[in-house]
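**Q** Below: one structure in structure tokens.
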Amino acid sequence: MFRKLPDSTMKAVTLSIDGVRVECAQGETVAAVLLRQQECWARLSTVSQAPRAPYCMMGVCFDCLAIVDGVASVQTCLTAVRDGMIIERQRGRPEAA
Amino acid sequence: MSRNVDLLIIGAGPAGMSAAVTARRHGLDVLVVDEQPAPGGQIWRNVETMAATARGRLLGAAYAEGAGAVTRFRASGAAYEPGTQVWQVEPGPRAYMTRQGATSLVEARCLLLATGAQERPVPFEGWTLPGVLTVGAAQILLKSSGQIPDVPVWIAGNGPLPLLYATQLLKVGGRIAGFLDTTPPDRRRAASRMFPGAVLGAPGDIAKGLVWMATLRRAGVKIVRGVTDIEAIGGQAIERIRYRIASGDDVTVPAQTLLVHEGIVPTIHPTLALGCAHRWDAAQICFAPQLDEWGETSQQDIFVAGDGAGIGGATAAGLRGEIVAIRIAARLGRLSEGQAAASARPARGKLRRALISRPFLDALCGPRHAVLVPNDRTLACRCEEVTVSEIRAQVAYGRPGPNQVKAFTRAGMGPCQGRQCAYTVASILAEAEGRAVPDLGLYRARPPFKPLTIGELAALDETSEAA
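As you go down the protein sequences, you meet chains A and B in turn.
Every number in this note's numbering is 2 more than the matching position in the first sequence, counting from 1.
Every number in this note's numbering is 656 more than the matching position in the second sequence, counting from 1.
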């Protein structure tokens, strides 16, 4: 849904999203990386299990919540990428993940 | 572990940074905490890295100004802890926070909330579909990640930000499918009466807006005025949008990305939790904390500066930060009352000038009715998925306020804690009950403000470092 501008730096950091290796740039947030994926959603809603993607990018909508290194409900728009980070999309309620 | 400082500042945007610089000049021990990985707030996101680059220069002069502000802040000697989540503030003042998994308590002689603003929630059918984002979100992605929508984007809304982002997007090679201007005709008429005053008082601000409009027209962007209802349609993501034009006809077009924006409102979550008195700002259609002329709330030693005190923009935010810091320096014995008054005088003059175009902008940029009270099928509460009609149905059980409705429907109980639905729920109830939003109030705000693990909470050690 989003793409990096051609002159942007890339490939400094590698993380995994649901087991898929993804290259990204130092200093960006996990939510920004999610929005460049074919499947850009971060979580399934808790009531209807509808996909939700990052929406506000500034920490006030909580639709970018995902599981980061085993911790559920992390605001990925406030989380800077780190090499080796493991991201899992959050499916419904955290305990059901 | 608990720490003690003279001044704790929450937020490293224009107001927080300027307050830190001023407070340090008076020798105060200052700690600044912020959610983001780098200083600048939302307006100057990533400015340290971006400002000097070719793309940074395309973002405009107002963005470039941030580089100087950040440099002065970095040099001020204030302690700065980015990536910090504050999850409770209390009178005292004291604040509980988590950073890199470690939890701590900070006890401050004075607390400054420089937490800025958030975009006003814009609920409509389909607003939760992936592919619908706010204009602010798209601009943050451009500034901090150098990324833009990979297909022509629809932009819908009103106010300066959609115009600014649209011009920035065109400059970096992005494409716009259409610009849906939702400014209601009556607002346009009311604002036009204030236009001469705004032009005389703040010609720069007005010129900027006119240049943005001209840039869009020159680029051949399709601009549709007087758009009212908007709906996003799709299964797993947005596929189409439907919008109603001034003639009353509906238009349906394919869309993969829709960006919306209907102005910004002060961040009042912390001041609500603190039990500070709030006022209703009829011009900006939002609540703001009740402040004295120095930015102090109804709670002693707790201050607010920046857009959190009422929307005024980055220049005003920096000046308010400076004024508050002067007051705090006096409170802590570094200045006499007379010295404080004299030293704040230049900033007060500049603040008045910085706010000259505000009445014009407030008149032009308010939300239309459907933003406050959307149609029945719209999700009012994104988190708990409660529709407008479910909220309205509660009115049959007496004259409930937002807190009763929260208990009965779960609206406002999800992770965002009402940040996206408080105004909507209050507006629906006010309309259905024939009351006014300021009489109904908003949800109570309770800790933790941010997701917190039991492990992080258990690790909190409240013993003082001095003990």
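Cβ atoms here follow ideal geometry from the backbone N, Cα and C, with glycine treated the same way.
Mind checking the segment 776-794 of chain B against chain A and listing, in chain order, the residues whose C-beta falls within less than 9 Å of any C-beta there?
**A** Pro777, Trp783, Thr784, Leu785, Pro786, Gly787, Val788, Leu789, Thr790, Gly792, Ala793, Ala794
**Q** Going by DSSP, which residues form a beta bridge with B:Val688?
**A** B:Ile665, B:Tyr736
**Q** Hey, could you find the ends of the alpha helix (DSSP H) B:Val1051 is sitting in?
**A** First-last for B:Val1051: undefined, no H or E at that position.
**Q** Quick one: any contact between the segment 669-686 of chain B and the segment 971-979 of chain B, if contact means 3 or more CB pairs under 8 Å?
**A** yes
**Q** In whole angstroms, what is the alpha-carbon distance linking B:Pro670 and B:Ala944?
**A** 18 Å
**Q** Among the candidates B:Gly683, B:Met706, B:Leu866, whose CA atom is the shortest distance from the CA of B:Leu694?
**A** A small correction: the amino acid at residue 694 of chain B is Ala; Leu does not occupy that position in the sequence shown. Selected option, being the one with the closest Cα: B:Met706.
**Q** Span of the beta strand (DSSP E) holding B:Gln774?
**A** 773-775
**Q** Secondary structure at B:Tyr899, three-state DSSP: helix, strand or coil?
**A** strand
**Q** Of all the CB atoms in chain B, is at least one closer than 8 Å to the CB of A:Gln77?
**A** yes
**Q** Output the residue ranges of the beta strand (DSSP E) runs that lie fully inside the segment 15-97 of chain A and measure 3 residues or longer, sorted by chain position.
**A** 15-19, 22-26, 67-70, 73-77, 88-90
**Q** Classify B:Ala1123 as helix, strand or coil using the three-state DSSP reduction.
**A** Residue placement at B:Ala1123 is flagged as unreliable, the pLDDT there being 41, under the threshold of 50; the coordinate-derived value follows with that caveat. If DSSP states are grouped into helix, strand and coil, B:Ala1123 belongs with coil.
**Q** Would you report the Cα separation of A:Ala82 and A:Phe4, rounded to the nearest angstrom?
**A** Whole-angstrom Cα-Cα distance: 18 Å.
**Q** Using a Cβ-Cβ cut-off of 8 Å, state whether B:Ala1123 counts as contacting chain A.
**A** Annotation note: pLDDT 41 at B:Ala1123 (below 50); position unreliable, coordinate value reported separately. No, its Cβ sits nowhere closer than 8 Å to a Cβ of chain A.
**Q** How would you call B:Leu767, buried or exposed, if buried means at least 16 neighbouring beta carbons within 10 angstroms?
**A** Its Cβ being crowded by 16 or more others within 10 Å, B:Leu767 is buried.
**Q** Beta-carbon separation of B:Pro1058 and B:Gly1068 under 8 Å?
**A** yes
**Q** Grab the span of the beta strand (DSSP E) containing B:Arg713 for me, first residue to last.
**A** Unbroken run through B:Arg713 is the alpha helix (DSSP H), 710-714; no beta strand (DSSP E).
**Q** For the segment 831-839 of chain B against the segment 871-883 of chain B, do three or more pairs of beta-carbon atoms, one drawn from each stretch, fall closer than 8 Å, so that the two count as touching?
**A** Yes, since at least three Cβ pairs between the segment 831-839 of chain B and the segment 871-883 of chain B fall closer than 8 Å, the two stretches touch.
**Q** Just the chain A side, please: which residues come within less than 9 Å of B:Asp806 by C-beta, in chain order?
**A** Met3, Phe4, Arg5, Arg38
**Q** If I measure Cβ to Cβ from B:Pro1103 and keep anything under 8 Å in the same chain, skipping five residues before and after, which residues do I get?
**A** Trp743, Gln744, Tyr752, Ala929
**Q** Does the segment 1082-1091 of chain B touch the segment 706-717 of chain B, meaning 3 or more C-beta pairs lie closer than 8 Å?
**A** no
**Q** Give the single residue among B:Ala972, B:Thr727, B:Ala847, B:Ala758 whose Cα lies nearest to the Cα of B:Asn702.
**A** B:Thr727
**Q** Just list the residues that DSSP pairs B:Thr790 with in beta bridges.
**A** B:Val916
**Q** Taking C-alpha atoms, which residue in B:Arg755, B:Gly815, B:Ile901 lies nearest to B:Pro1015?
**A** B:Gly815
**Q** A:Met87 CB to nearest chain B CB: under 8 Å?
**A** no
**Q** Under three-state DSSP, which class holds B:Trp810?
**A** strand
**Q** So, are the CB atoms of B:Pro786 and A:Trp43 less than 8 Å apart?
**A** yes
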